[in-house]
Amino acid sequence: MNLFSLIRGRIASPQKAFIRTPAGAVLTYADMLARTAQLADTLVRAGVQPGDRVAVQVEKTPENFLLYLATLRAGAVYLPLNTAYTLAELDYFIGDAEPALVVCDPAKRAGIGEIAARRGVRAVETLDAAGRGSLSEAAAGAPAGFADVARTHEDLAAILYTSGTTGRSKGAMLTHRNLSSNAETLREYWRFTANDVLLHALPIYHTHGLFVAGNTVMLAGGAMIFLPKFDADEVMRLLPQATSMMGVPTFYTRLLRHPGLTRQACAHMRLFTSGSAPLLAETHTEFREKTGHAILERYGMTETNMNTSNPYDGERVAGTVGFALPGVDVRIADPETGRVLAQGEVGGIEVRGPNVFPGYWRMPEKTKAEFRADGFFITGDVGKIDARGYVHIVGRAKDLIITGGFNVYPKEIESEIDALPGVVESAVIGCPHPDFGEGVTAVVVCKPGAALSEKAVIAELERRLARFKLPKRVLFVDDLPRNTMGKVQKNVLREQNARLYG
Ligand code: AMP
């Protein structure tokens, strides 16, 4: 079934708010139905057929979100692109995905037009940061009724390119079933209803903002306040109008620095969730002490949607990502052999369920290599499941450091460093080393005024860690490099320190 039919079926009342802007403008569900019909009609007139890709690189606006829904209605495949991508990067995505239509910011029209012409794309339309452009102009004159194109569960609804920190970015294909099943599960698990108003400050070119937030709220018939981007002042100003917020860890560390964040300011809130990157246990604890809210941390990825979540009612354990979601199988296996490991052992996290994607766009070999014969997807994350069933993430398999033949999990060292007085956070990486293959290297952010030295950190760690795990160097920086989803870019740190050991 077309995900849009499911969304349409949950509209509690057409006059109910669907999206509100920070300035107070309200788009109702009736407006959404009319405008997505016009946009879907415009897509079809531009030559978009069922199964065609619609590539979109535009700023976050309600119109952009409506374009996602219109693409579903037209039976086409929505392909959002990070607004930071350059023309050279777009050339790869457009060449790989072969969209029927590209929608871009007017400022990029000329550059993308050239790529589109060279790549045989039939149409290019524009949408700007105010939601205006050739696409909305064309849609304004279209009829407000549209017969939604029927789709099966297995048909593609979207392709999201992974951020690709190693090798080429891969297009994760997501079916209508993948998206609808996960959104239904999250709606129930996190108790979203038509009374919810989600403060939406995430980007919508990524699974978190687009699907976890967008689809879950729509399947509950709820509303969203759309912030163009995260801004702590704006979040605090709009919080009184919201019931819930989904964020990446950096949202919470920034809010903790905001003087307005008090128990009273959050008293009316129902839920704060975090994901896309690890939430420091310290952040969880500080937020709870300050606001009375235990941030609910969950774990997922572009390819799988959400896999695990801390409970709504039960204990939300800091530093864990909670239990496997209903209908999702999670197991820990030996990364080499695929042998399932005993409870408590650390290994590769593998998942199976209706949430898991069918594969990478036009990469059958890569797809095959990342699935086990029994259908489990090899996430590339390393973790364990504790005696109570809570999943712990230890890191990414590719971040594993092999030094002098020993395996070192960076998370273990990072946790020890983070616990030292004066430390804000740390990232531990392996850098090429002439003797050891890789040298364990710690990059540390200190609190203002902390007088920590390389020697002092190593001396502290010596008392806690086996010798082979000790950092050979400790470097101090003001901030760790992060992408827009708050993930620490270890590849950047590795590149910066490629010659540290000569
Ligand atoms: P993306 O496909 O951009 O959503 O990235 C997915 C990756 O983010 C996962 O494979 C994990 O490595 C990481 N991730 C997501 N949620 C969490 C979390 N709660 N804690 C730690 N890592 C996470």
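For the sequence shown, this note's numbering begins at 996 and goes up steadily by one. Ideal Cβ placement from N, Cα and C applies to all residues, glycine included.
Burial state of residue i, where buried means 16 or more other Cβ atoms lie within 10 Å
i, result
"A1509", "As displayed, the chain neither begins before 996 nor continues past 1497, which places residue 1509 out of reach and without an answer."
"H1203", "buried"
"G1042", "exposed"
"L1274", "buried"
"A1493", "exposed"
"T1037", "buried"
"T1147", "exposed"
"R1347", "buried"
"P1235", "exposed"
"K1393", "exposed"
"P1244", "buried"
"L1082", "exposed"
"C1450", "The sequence as given places Lys at residue 1450; Cys does not occur at that position. Classification for K1450: exposed."
"G1015", "Reading off the sequence, residue 1015 comes out as Arg, not Gly. The residue is buried, with at least 16 neighbouring Cβ atoms inside 10 Å."
Residue i versus residue j: straight-line alpha-carbon distance, rounded
i, j, result
"V1541", "A1032", "In this structure the chain extends from 996 to 1497, so residue 1541 is not present and cannot be described."
"H1288", "S1271", "19 Å"
"Y1247", "V1472", "21 Å"
"T1238", "L1222", "15 Å"
"P1075", "Q1052", "6 Å"
"V1386", "G1106", "45 Å"
"I1396", "G1390", "11 Å"
"A1167", "R1357", "10 Å"
"K1285", "Q1259", "10 Å"
"H1195", "T1268", "12 Å"
"L1266", "T1315", "17 Å"
"F1366", "K1165", "15 Å"
"L1205", "A1454", "46 Å"
"N1300", "A1313", "21 Å"
"Y1087", "L1022", "35 Å"
"L1251", "R1293", "20 Å"
"E1084", "D1047", "21 Å"
"A1218", "M1264", "14 Å"
"L1197", "M1296", "15 Å"
"I1154", "L1130", "21 Å"
"E1360", "N1302", "24 Å"
"T1039", "M1480", "One detail in the question is off: residue 1039 reads as Val in this sequence, not Thr. So the two alpha carbons sit approximately 33 Å from each other."
Reference residue i; option with closest CA among the options
i, options, result
"L1415", "V1439, E1084, E1433 and N1190", "V1439"
"I1344", "D1324, G1378 and A1215", "G1378"
"F1371", "R1357, D1329 and S1410", "D1329"
"W1185", "A1134, P1138, A1071 and P1306", "P1306"
"E1054", "G1126, M1219, R1458 and L1465", "G1126"
"L1181", "A1208, G1333, H1171 and R1367", "A1208"
"H1201", "F1060, L1465 and A1461", "F1060"
"P1476", "R1015, E1179, V1487 and V1230", "V1487"
"I1199", "L1062, D1376, I1408 and E1229", "L1062"
"D1143", "Y1080, V1325, L1001 and V1192", "L1001"
"F1318", "I1380, T1257 and G1339", "I1380"
"E1310", "G1322, H1279, C1441 and V1323", "H1279"
"M1241", "T1211, A1262 and Y1496", "T1211"
"L1122", "R1249, R1113, A1134 and S1448", "A1134"
"A1007", "L998, N997, L1155 and Y1024", "Y1024"
"L1470", "Q1484, K1482, E1490 and S1448", "S1448"
"R1489", "D1430, R1462, T1479 and I1424", "I1424"
"G1322", "Q1338, S1304, G1339 and D1308", "S1304"
"D1324", "T1374, A1145, D1430 and A1152", "T1374"
"L1067", "T1436, L998 and A1095", "L998"
Extent of the continuous alpha helix (DSSP H) run through residue i
i, result
"F1088", "L1082 to A1092"
"V1053", "That residue, V1053, is in no alpha helix (DSSP H); it is neither H nor E in DSSP."
"V1377", "It is not in any alpha helix (DSSP H) - V1377 instead sits in the beta strand (DSSP E) that spans F1372 to I1380."
"E1340", "No alpha helix (DSSP H) contains E1340, which DSSP labels as neither H nor E."
"N1486", "K1485 to Q1491"
Boundaries of the beta strand (DSSP E) in which residue i is found, first to last residue
i, result
"S1269", "L1266 to S1269"
"Y1184", "Not the beta strand (DSSP E): Y1184 falls in the alpha helix (DSSP H), residues H1171 to Y1184."
"E1292", "L1291 to M1296"
"A1422", "V1418 to H1428"
"S1239", "S1239 to G1242"
Residues of its chain near residue i, where Cβ-Cβ distance is below 7 Å and the 5 sequence neighbours each way are ignored
i, result
"E1411", "L1456, R1459 and L1460"
"P1353", "M1168 and T1170"
Close-in-space but distant-in-sequence residues of the same chain around residue i (CB under 6 Å, 5 per side omitted)
i, result
"G1342", "I1327, A1328, D1329 and L1336"
"A1137", "Q1033, D1036 and T1037"
"G1255", "M1231"
"V1419", "V1440 and K1442"
"A1124", "E1054"
"G1070", "P1045, V1144 and R1146"
Sequence-distant residues of the same chain with beta carbon closer than 8 Å to residue i, five excluded per side
i, result
"A1215", "R1005, R1182, F1187, T1188, A1189 and D1191"
"R1172", "H1148, E1149 and P1349"
"G1115", "E1093"
"G1399", "D1430, F1431, G1432 and F1463"
"D1026", "F1013"
beta-carbon residue i near the ligand MN non-hydrogen atom, thresh 8 Å
i, result
"P1075", "The ligand MN is absent from the structure shown, which contains only the ligand AMP."
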